[in-house]
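Student:
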Amino acid sequence: MLPELERLAWFKPLRPVLRADQLGYAALGNERLLMGVTVLSLLAFTTWAARDAWDSRQESIAARQALEAVKQDAAPLLAARDKALAAADQSAVLIKQLTAPFPLEVIDHLAKLLPKGITVKELDLGPQSLRVGLELPTDLSRAKVVNDLESGGWFTQVSEVKDAGVRSWATFEMKLSAARPPGRSSNDSGLKRGAAELPVNPELPKPVAPQQAGKS
């Protein structure tokens, strides 16, 4: 009978030796642990994303509410601005009308400058221009009409228009140096003369001479 050998101390394993079934259980435990960590990470990320989305939505709602409040506060100011702009546009139109030449003053000025026997056949008045058709006596030259029109100082650059059509009157174009004739006053007697002595085409607005006090 052989003697039993003494087990050496250095021969002992550092870790306990596991059987095959124990190794399977250990691997399964590690997988479960890894899965649990992954689920917790996903849950934490989902919670953070949801929180961030909620904060962004709340900020968007607050911004819209602030914008609506600003619009409500600014509504009276915007209405006042629109009203002021509309009034400014109306004032500009009124000023333009007041500063534009009056047809009555143009006819009156023509009557003071032109000789007797001339009939106004057409009148086209612009802001700073005038086109007038005049039926002239046979003994009156066009050059004299041009000189007479420019002599008043209101009509400038007077020239005769050579119309293609055959007409029995002469057409003149000119510029107006200002919106009102020079030296115009309410006591000017040329208005009476313009109404009484300058024949105009019936289609044109004919000025009416003001009646003197005491006459019906």
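Going by my numbering, the sequence shown opens with residue 673, and the numbers climb by one from there.
Note that the Cβ used here is the ideal one computed from N, Cα and C, for glycine as well.
With distances taken from CA atoms, which of Thr828, Leu795, Gly825 is nearest Trp841?
Tutor: Checked all of Thr828, Leu795, Gly825; the closest Cα to Trp841 is Leu795.
Student: Hey, out of Ala850, Ser728, Asp811, Ala758, whose CA is closest to Ser801's CA?
Tutor: Of the candidates Ala850, Ser728, Asp811, Ala758, the one whose C-alpha sits nearest the C-alpha of Ser801 is Ala850.
Student: How many angstroms separate the CA atom of Asp860 from the CA atom of Leu785?
Tutor: For Asp860, the predicted structure reports a pLDDT of 48, less than 50, and the residue's modelled location is therefore unreliable. A value from the coordinates is still provided. Near 14 Å, if we compare the C-alpha coordinates of Leu785 and Asp860.
Student: What are the complete alpha helix (DSSP H) segments, minimum 4 residues, inside the region 775-807?
Tutor: If we require 4 residues or more, the alpha helix (DSSP H) runs fully inside the region 775-807 come out as 775-785.
Student: Are the CB atoms of Val830 and Thr843 within a distance shorter than 8 Å?
Tutor: Not in contact: Thr843 and Val830 (Cβ atoms no closer than 8 Å).
Student: For Ser713 and Ala734, what's the separation of their Cα atoms in angstroms?
Tutor: Spanning the two alpha carbons is a distance of roughly 32 Å.
Student: Less than 8 Å between the beta carbons of Glu807 and Lys793, yes or no?
Tutor: Result yes, Cβ atoms of Glu807 and Lys793 sit closer than 8 Å.
Student: Between Leu848, Ala741, Leu812, Lys788, which lies nearest to Gly824 when the distance is taken from Cα to Cα?
Tutor: For Gly824, the nearest C-alpha among the options comes from Leu848.
Student: What's the C-alpha gap between Asp754 and Ala747?
Tutor: Taking the straight line joining both Cα atoms gives about 11 Å.
Student: Can you grab the Cα-Cα spacing for the pair Ile779 / Met846, in whole Å?
Tutor: Each residue's alpha carbon lies about 14 Å from the other.
Student: How big is the Cα-Cα spacing for Gly866 and Val818?
Tutor: No answer about Gly866 holds up, because its pLDDT of 46 lies below 50 and its placement is not dependable.
Student: Taking the straight line between their C-alpha atoms, what separation do you get for Val742 and Leu750?
Tutor: Distance between the alpha carbons of Val742 and Leu750 is about 12 Å.
Student: Assign Gly805 to one of two classes, buried (16 or more other C-beta atoms within 10 Å of its C-beta) or exposed (fewer than that).
Tutor: Per the 10 Å Cβ criterion, buried.
Student: Taking 8 Å as the threshold (C-beta atoms), are Ala760 and Pro799 in contact?
Tutor: No, Cβ-Cβ distance for Pro799 and Ala760 is not below 8 Å.
Student: Under a three-way DSSP split, which group does Ala613 fall into?
Tutor: With the chain running from 673 to 888 in the structure shown, residue 613 is simply not present.
Student: Cβ of Leu757 within 8 Å of Cβ of Pro787?
Tutor: No, the Cβ-Cβ distance between Leu757 and Pro787 is not below 8 Å.
Student: If you run the structure through DSSP and keep just helix, strand and coil, what is Lys847?
Tutor: Strand, per DSSP.
Student: Count the other CB atoms within 10 Å of the CB of Leu821; is the residue buried (16 or more) or exposed (fewer)?
Tutor: By the neighbour-count rule (16 or more Cβ atoms within 10 Å), Leu821 is buried.
Student: So is Phe827 buried or exposed if we call it buried at 16+ other beta carbons inside 10 Å?
Tutor: Phe827 comes out buried.
Student: Would Leu739 and Pro775 be called neighbours here (beta carbons separated by less than 8 Å)?
Tutor: No, they are not a contact pair.
Student: Taking the C-alpha atoms as reference points, what is the distance between Ile896 and Asp727?
Tutor: An answer regarding residue 896 cannot be provided, because it is not within the stretch 673 to 888 covered by the chain.
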